[in-house]
Amino acid sequence: MQHIDHTLPWSACGTQRSLRVLRFGSGPRKAYIQASLHADELPGMRVAIELKRRLLELEAQGRLTAVIELVPLANPIGIGQMFQATHQGRFEFNSGNNFNRDFPALTEALAVHLEGRLGSDGQANVATIRQAMLELLDELPAPHSELDGLRRLLLRHACDADLVLDLHCDFESVMLLYAMPQHWAQLRPLAARLGAQAALLAEGAGGDAFDEACAAPWLHLREYFPEAEIPLACVATTIELRGMADTEREQCQASAEQILGYLADQGMVDGPWQAAPQHCCQPTPFAGAQYAYAEHPGVVSYLQPLGAQVRVGDPLFEVLDPLSDRHSVVRATTDGILYARERLRFAQPGLWLAKVAGNTAIRQGRLLSD
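For the sequence shown, position 58 (counting from the first letter as 1) is numbered 58 according to UniProt numbering, and the numbering increases by one without interruption.
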């Protein structure tokens, strides 16, 4: 195992933060796995601890046939953001920005950089594009903040990977994946291994999240260079490892083994491995997800368990105002699975309280919440 440490720029005087990348194995292909980019989402970090242990074993046994880069703590800024004993790891205190938004969008600069350099050899084009990505990231102006520097470091390690897994969780959630529809066939075995109950697919969810920053350039470069052979060389997905409280050892050990089994499916780990289950959830469009909001403030009582199959009109939760006695019931506006709930139990303006994954598109524009 190789330790790669990067010092973040623009730390406050007398302080210094660093990002650690663990590199295992060798070979022509590469997988990149990071955890807790939203620093208060700890199930991914717990799974990464198990992955580190197992990758050390597999490396010692000579069973790794690819480079595996693991970042167990992808957000050294957010991990220390505590406010009155509550971890605040989703938004940077300094700027208010979401840690998983606004990653460098490389496509337009790549198109200029690659003009006249791509042809009919797909593998040669992949090598040329990856080298161009690295060069462009190195040529960007100096980072103007710690967060800007962190984003570039993470993307630079991931942009030349064949497979990118970004480990997150929701507040209270079933196991699920976010991905581009073009990658679903390749990711289906991963979803099956993890026992995912939902997979939300979108070409552009908005916000330049990390997985999209890694995968989308390959799709868009095909539009810029229709005559060239450009494979979709980076399969990227965000894995929601259930809810924020789901850090139990056995559960996280099982998730790590399921991820390793998927790496074996991809030819990155050698030796026998149990086959992926045949059964898998059916993917749905991310635009088909209902974000359910309360109509007024009050105490929230959920009326459906996580994973429930609901139909239009089914009650999701009720809200009761303790002062005015106002009472309302918020219902499903689509048929689908209740895949996430807010952990807070008092309705706030603009705060979603439940999410339902449906088959029919009911939203447009930016799909990701802040």
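Here a beta-carbon is modelled for each residue, glycine too, at the ideal position from N, C-alpha and C.
Residue 284 is positioned such that its CB atom lies closer than 8 Å to that of residue 198.
Residue 191 is positioned such that its CB atom lies no closer than 8 Å to that of residue 252. Note: residue 293 is bridge-paired with 352 in the DSSP secondary-structure output. For residue 172, the pairing in a beta bridge is given by DSSP as 341. The three-state secondary structure of residue 65, taken from DSSP, is coil.
In this structure, the alpha-carbon of residue 302 lies about 46 Å from that of residue 133.
Shortest Cα-Cα distance from residue 100 to any of 330, 92 and 361 involves 92. Looking at the DSSP output, residue 82 shares a beta bridge with 87. Counted as a single uninterrupted DSSP element, the alpha helix (DSSP H) harbouring residue 149 occupies residues 146-158. Residue 296 counts as exposed, since fewer than 16 other C-beta atoms from the protein chains shown sit within 10 angstroms of its C-beta. Of all C-beta pairs linking the stretch 131-150 to the stretch 228-242, fewer than three are shorter than 8 Å, placing the two stretches out of contact.
The stretch 325-334 and the stretch 266-281 do not touch, with fewer than 3 CB-CB distances between them shorter than 8 Å. For residue 167, the secondary structure class from DSSP, reduced to helix, strand or coil, is strand. DSSP places residue 259 in no beta strand (DSSP E) but in the uninterrupted alpha helix (DSSP H) bounded by 249-265. The three-state reading of DSSP puts residue 346 in strand, counting E and B together. Taking the Cα of residue 308 as reference, the smallest distance to any Cα among 334, 300, 111 and 56 is reached at 334.
In the displayed model, residue 183 falls within a helix according to three-state DSSP.
Cβ neighbours of residue 271 within its own chain (closer than 7 Å, five residues either side excluded): 63. In this structure, the beta-carbon distance from residue 163 to residue 266 falls below 8 Å.
Annotation for residue 74: 34, 35, 36, 37 and 154 place their beta carbon closer than 7 Å to its own, counting only its chain and skipping 5 residues before and after. Residue 368 has its alpha-carbon roughly 30 Å from the corresponding atom of residue 131.
With a cutoff of 8 Å on beta-carbon distance, residue 347 and residue 316 are scored as not near each other. Annotation for residue 183: 215, 232, 235, 236 and 237 place their beta carbon closer than 8 Å to its own, counting only its chain and skipping 5 residues before and after. Put simply, the backbone Cα of residue 263 is about 6 Å away from that of residue 269.
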